[in-house]
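Here is the structure we will look at, set down as structure tokens.
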Amino acid sequence: MKSDARKVYRSGKSSYIITLPKEWVEEFGIKEGDTVFLEIRENSICIKPKVEEKSLKAIIDDAEAKFDHLVRLVISYYLAGYSSIVVRVYTDEQRRAVAFAVDLLVGAEIMEDTGDKLLIEIFLDVERFEIDSILEKLFNITFSMLKDLKAVVANLDRATCSTILTREDEVDKLHFLVLRLLNYSGDRGIISAVDAMNYRSVVRTLERISDHISQMSEATLNLERGYGELGEMIEALEGMFRRAMVCFFKSDRKIAEEVLEDVEEFANRILKYYEKIAELEVVQLMNLKTILDSISRVAGYSADIAEVVINRSVY
Numbered sequence: 020m021k022s023d024a025r026k027v028y029r030s031g032k033s034s035y036i037i038t039l040p041k042e043w044v045e046e047f048g049i050k051e052g053d054t055v056f057l058e059i060r061e062n063s064i065c066i067k068p069k070v071e072e073k074s075l076k077a078i079i080d081d082a083e084a085k086f087d088h089l090v091r092l093v094i095s096y097y098l099a100g101y102s103s104i105v106v107r108v109y110t111d112e113q114r115r116a117v118a119f120a121v122d123l124l125v126g127a128e129i130m131e132d133t134g135d136k137l138l139i140e141i142f143l144d145v146e147r148f149e150i151d152s153i154l155e156k157l158f159n160i161t162f163s164m165l166k167d168l169k170a171v172v173a174n175l176d177r178a179t180c181s182t183i184l185t186r187e188d189e190v191d192k193l194h195f196l197v198l199r200l201l202n203y204s205g206d207r208g209i210i211s212a213v214d215a216m217n218y219r220s221v222v223r224t225l226e227r228i229s230d231h232i233s234q235m236s237e238a239t240l241n242l243e244r245g246y247g248e249l250g251e252m253i254e255a256l257e258g259m260f261r262r263a264m265v266c267f268f269k270s271d272r273k274i275a276e277e278v279l280e281d282v283e284e285f286a287n288r289i290l291k292y293y294e295k296i297a298e299l300e301v302v303q304l305m306n307l308k309t310i311l312d313s314i315s316r317v318a319g320y321s322a323d324i325a326e327v328v329i330n331r332s333v334y
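Residues 20 to 334 in the working numbering are what the sequence shown spells out, letter by letter.
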């Protein structure tokens, strides 16, 4: 491995610059104005040249594919980095499946429809997106859903339920976008395997949390009245979930350990409420149980995020 020493110069009040070796620049065809990538490690920085995203093309031809299977196939090719997907369709169900999948994917458009074939093009400039920024947006949307759920459960605010379900679709879109970016960055060494695994774990956790919030919202529609105590529990859940994400963004192990302690105490509170609703009539009982089950799962997912932070701190 060749090494080289370079002087550091100051540029402005807050920036520092170094020069790049001429041989390295020429080898990778780097020109003035081009982008290079910095992989920041604990005691070093690795500089990598821009790698152009390959124009990968896929063909899906499965006459027997059902709706869900075809949706999963289209999404899988999207996540794998394909820029063009041709889907042969044999039924109206398959056509609806392709349209449904495209609606879930940022940058995907049906550009050609010849009756028996649909051409999906993916228009994404990966350099425009920062994984941390998108992950923060994901958290903000999911957190807003949880805050609104508090009012839905406590006051039986049915009008807000539809907005929660709409935001779940946005979470799904950003979730798939982050996974595609992680695959792209991991394949090119822009992000380490460990970091990619941690980000993937957290983004999937956020998507599952949004699913549970939607389930709780739908269960609330079947209740006969609001439940203030449940609203208070969700407010406590908000705090744990928010702090779990704060400790992830800041890599704060102390906050992560506090979240784990709070989740453990919160579990006892949930158990007591299960006992409290045991004598209710069946419809109310089942819907309240659905809400409590999901509250428990969201608390558990908050703990999972905290554990990612603790695990990351040892690397």
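Note that CB positions come from ideal geometry on N, CA and C, so glycine has one too. Because the structure is a prediction, the values reported are computed rather than measured.
1. Within 10 angstroms of its Cβ, does D167 collect 16 or more other Cβ (buried), or is it exposed?
2. Count the CB pairs spanning the stretch 175 to 195 and the stretch 269 to 289 that are closer than 8 Å, and state whether there are at least three.
3. Do you know offhand how far S229's Cα is from L39's?
4. Using the C-alpha atoms, what's the distance from L175 back to L242?
5. According to DSSP, simplified to helix, strand and coil, what is D80?
6. Is V328 closer than 8 Å to R261 when the C-beta atoms are compared?
7. Taking C-alpha atoms, which residue in G134, D111, R219 and R114 lies nearest to I150?
8. Starting from the C-beta of S270, find all residues in its chain whose C-beta is less than 8 Å away, skip the five residues before and the five after it, and write them out in chain order.
9. By the DSSP assignment, the beta strand (DSSP E) with D144 in it spans what residues?
10. Runs of 4 residues minimum, wholly inside the stretch 80 to 144: which ones carry the alpha helix (DSSP H) assignment?
11. According to the Cβ coordinates, are G125 and L196 closer than 8 Å?
12. Apart from the five residues on each side of it in sequence, which residues of its chain come closer than 8 Å, Cβ to Cβ, to F148?
13. To which residues of the same chain is I78 closer than 6 Å at the C-beta, ignoring the five residues directly before and after it?
14. Between which two residues does the alpha helix (DSSP H) holding S236 run?
15. Could you check whether S204 and A215 sit closer than 8 Å to each other, using their CB atoms as the reference points?
16. Just confirm the distance between the C-beta atoms of G245 and V301, as a whole number of angstroms; I'd bet it's less than 8 Å.
17. Is the CB of C65 under 8 Å away from at least one CB in chain B?
Considering the structure as presented:
1. Buried, by the Cβ-count rule.
2. They do not touch, by the three-pair rule.
3. Separation of S229 and L39 (C-alpha to C-alpha, rounded to the nearest whole angstrom) is 45 Å.
4. Their Cα atoms are separated by approximately 8 Å.
5. In the three-state scheme derived from DSSP, where H, G and I count as helix and E and B as strand, D80 is classed as strand.
6. Not closer than 8 Å, so no.
7. The option with the nearest alpha carbon to I150 is R219.
8. Correct list, in chain order: V328, R331 and S332.
9. Where D144 is concerned, there is no enclosing beta strand (DSSP E), given that its DSSP letter is neither H nor E.
10. Here the runs fully enclosed are 86 to 98 and 111 to 122.
11. Sequence inspection shows Val at residue 125; the Gly mentioned does not correspond to that position. It is a contact, given that the beta carbons lie within the stated cut-off.
12. Once the five neighbours on either side are set aside, the close Cβ partners of F148 are L196 and L200.
13. Once the five neighbours on either side are set aside, the close Cβ partners of I78 are V105.
14. It spans A212 to T239 - the alpha helix (DSSP H) in which S236 sits, taken as one unbroken run.
15. Yes, the Cβ-Cβ distance between A215 and S204 is below 8 Å.
16. Not a contact, Cβ separation roughly 20 Å.
17. Among the chains in the structure shown there is no chain B, since it carries only a single protein chain.
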